[in-house]
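The structure appears right after this line, and notes come after that.
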Amino acid sequence: MLKIENLHADVDGKAILKGLSLTINPGEIHAIMGPNGAGKSTLSYVLAGRPGYEVTDGSVTFQGEDLLDKEPHERAAAGVFLGFQYPVEIPGVSNVQFLREALNAQRRLRGEEPLSGGDFLKRARAQADALGLSMDMLKRPVNVGFSGGEKKRNEMVQMGIIDPTLAILDETDSGLDIDALRTVGHGINTIMRKPDKAVLLITHYQRLLDYVKPDFVHVLAAGRIVRTGGADLALELEREGYGAIAA
Ligand code: ADP
Ligand code: MG
Ligand code: MG
1 MLKIENLHAD
11 VDGKAILKGL
21 SLTINPGEIH
31 AIMGPNGAGK
41 STLSYVLAGR
51 PGYEVTDGSV
61 TFQGEDLLDK
71 EPHERAAAGV
81 FLGFQYPVEI
91 PGVSNVQFLR
101 EALNAQRRLR
111 GEEPLSGGDF
121 LKRARAQADA
131 LGLSMDMLKR
141 PVNVGFSGGE
151 KKRNEMVQMG
161 IIDPTLAILD
171 ETDSGLDIDA
181 LRTVGHGINT
191 IMRKPDKAVL
201 LITHYQRLLD
211 YVKPDFVHVL
221 AAGRIVRTGG
231 ADLALELERE
241 GYGAIAA
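Heads up, the sequence shown is in full-length UniProt numbering, so the first residue is 1 and it goes up one at a time.
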């Protein structure tokens, strides 16, 4: 599904990713762990096509197509979803408006019919119910005044409505209490744990992996993947720290 080969990327003229390779097959959940400043967020931004992140070498294909060639909105329409470490607030635009616009823009790009208001609301309500977010919150401006946990819950509802093929979730567990963590885990499992979907889960801590069991765990240090293992590797890292591996 996703094939990253020898990826090098600069931010502000500074080399951050330095030869990163990773292959993700359908049905797989990959966790990326690593120390602060390793390049984890940079990887997610490069994959999403954020301006200012310049690829200087290597390649990324998504379902056989060059991902780096596509504009950010084309990547989204192709099925790539990015969950932010710090979800943005959008005053004046309700979640419902925002998500309906986003979903229908993607559907148009794929040559599909846009969803009617009624069909969209049905879909939104189903996702909100499944993740314990009230419709009142979905009608409020995007993330404005939401607590950290509510933002992440909202992000899971967004993911459920958009229904992507590949979800890249950057520290989606940061700042969550246990209940919110369980909700996020449940969201990832129910929405994305499917044979034709995949997840790249970027996380600092092992906690979330108690709820979402990864098939592979990778350690990212100084812009490259320095170690790959199974779910056990996360436990080992939790015990021993990154020091020994990332040094
Ligand atoms: P992580 O998510 O693993 O903590 P990041 O990808 O956020 O790491 O950052 C990797 C490195 O890139 C850090 O050294 C950070 O300071 C640097 N960096 C990130 N964004 C910028 C920027 N806009 N300008 C310069 N350096 C940046
Ligand atoms: Mg960080
Ligand atoms: Mg980060």
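Every residue, glycine too, gets a C-beta built ideally from N, C-alpha and C.
query: Met-33, DSSP secondary structure in three states; result: strand
query: Which of helix, strand or coil DSSP assigns to Lys-194; result: coil
query: CA-to-CA distance, Lys-151 to Leu-17, given in whole angstroms; result: 29 Å
query: Nearest candidate by alpha-carbon position, reference Ala-180, set Leu-166, Glu-155, Val-199 and His-204; result: Glu-155
query: Alpha carbon of Gly-243 to alpha carbon of Gly-37, nearest angstrom; result: 14 Å
query: In chain order, each alpha helix (DSSP H) run of at least 4 residues that lies wholly inside the stretch 63 to 107; result: 72 to 78
query: Opening and closing residue of the beta strand (DSSP E) in which Val-219 lies; result: 216 to 221
query: Residue(s) in a DSSP beta bridge with His-8; result: Lys-18 and Asp-57
query: Under the three-state DSSP convention, the category Ala-167 falls into; result: strand
query: CB of Lys-31 within 9 Å of CB of Ala-234, strictly; result: In the sequence as presented, Lys is not what sits at residue 31; that position holds Ala. It is a contact, given that the beta carbons lie within the stated cut-off.
query: Nearest-angstrom Cα separation, counted from Ala-77 out to Leu-109; result: 6 Å
query: Cβ-Cβ distance between Gly-111 and Pro-141 below 9 Å; result: no
query: Pocket of ligand 1 (residues with CB nearer than 5 Å to any heavy atom), chain order; result: Val-11, Asp-12, Ile-16, Asn-36, Gly-37, Ala-38, Gly-39, Lys-40, Ser-41 and Thr-42
query: Nearest-angstrom Cα separation, counted from Ala-48 out to Asp-57; result: 17 Å
query: Beta carbon of Gly-230 nearer than 9 Å to that of Asp-215; result: yes
query: Three-state secondary structure assigned by DSSP to Gly-132; result: coil
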